[in-house]
Amino acid sequence: MIQRIQSLFLLASVILLSILMYNPFASFIVEPQMAKYTLGVLGLSVVDGSTVEKVQSIWFLLGFIIAVLLISFVTIFLYHRRLLQIRLCVLTIVMLVGLQGVMYYVVFAFGQNLNSKPSYSLVFIFPLIAAILNFLALRAIARDEALIRSLDRLR
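FYI, numbering that gives the first Met the number 0 numbers position 150 of the sequence shown as 149, with every residue one higher than the one before it.
1) When the distance is taken between beta carbons, is Q99 closer than 8 Å to L127?
2) Using beta-carbon positions only, say whether V122 and L95 come within less than 8 Å of one another.
3) Answer yes if the segment 30–45 comes into contact with the segment 124–143, meaning at least three C-beta pairs across the two stretches below 8 Å, and no otherwise.
4) Could you tell me the distance, in whole angstroms, from the CA atom of T74 to the CA atom of V54?
5) Could you check if L82 is buried or exposed, using at least 16 other CB atoms within 10 Å of its CB as the buried criterion?
6) At 4 residues or longer, what runs of the alpha helix (DSSP H) sit wholly inside the segment 45–92?
7) Taking F27 as part of the beta strand (DSSP E), name the residues at either end of that continuous run.
8) Report the three-state DSSP secondary structure of G39 (helix, strand or coil).
9) How far does the alpha helix (DSSP H) with F123 in it extend, from its first residue to its last?
10) Report the residue from R138, Y78, R86 and I92 whose alpha carbon sits nearest the alpha carbon of A129.
11) Determine the burial state of L150: buried for a count of at least 16 other Cβ atoms within 10 Å of its Cβ, exposed for fewer.
12) If you count every other CB in all the chains shown that lies within 10 Å of the CB of L69, and 16 or more means buried, which is it?
13) Would you mind giving the Cβ-Cβ distance between F24 and M102, rounded to the nearest angstrom? I have them listed as a contact below 8 Å.
14) Of the choices Q32, F107, I14 and F125, whose alpha-carbon is the least far from that of F72?
15) For S118, does the three-state DSSP call read helix, strand or coil?
16) When you compare only the Cα positions, how much space is there between I140 and L9?
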């Protein structure tokens with residue numbers, strides 16, 4: 000299961016999404032007060048020295064990421080059902096591209112509300128990297144399925 004390359008791609012995707020859950024993906028500095036706001040999966044927070052105060056929650060984003068994370072994690076263990084694995088990989092890729100769009104919209108909306116330009120962190124592109132890893136896993140699963148079908152033809 001883990002020795003297959005597609006399992007490693009899917010595991011890397013799960014790890015990236017787990018990192019995304021716990022790190023802010025954008026920050027804003029509001030000029031008049033010089034207040035620093037961070038935007039993560041759990042919501043918008045004000046960072047004042049060593050204290051962090053939650054301003055607004057965005058739970059739908061957390062739920063969306065958890066759903067994608069669970070589908071990717073379950074896909075790793077479905078190695079005997081390759082066609083289902085392929086379908087779940089396609090679903091995950093579509094969801095990750097949608098997640099990237101939703102994240103961009105959320106950052107844009109909060110930037111408009113705060114009248115500030117966002118500064119993105121590296122974590123912001125993790126859904127796109129995870130989508131690429133899922134695509135690579137999809138190709139490897141399809142290659143395995145083609146190999147199994149060609150061996151069945153020889154019998």
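All C-beta atoms in this analysis are idealised placements derived from N, C-alpha and C, irrespective of residue type, glycine included.
By the coordinates alone:
1) yes
2) no
3) no
4) 36 Å
5) exposed
6) Listed in chain order, the alpha helix (DSSP H) elements of length 4 or more contained wholly in the segment 45–92 are 58–75.
7) A25 to V29
8) coil
9) Premise fails: F123 is in no alpha helix (DSSP H) and is neither H nor E.
10) I92
11) exposed
12) So L69 ends up on the exposed side.
13) 7 Å
14) I14
15) strand
16) 11 Å
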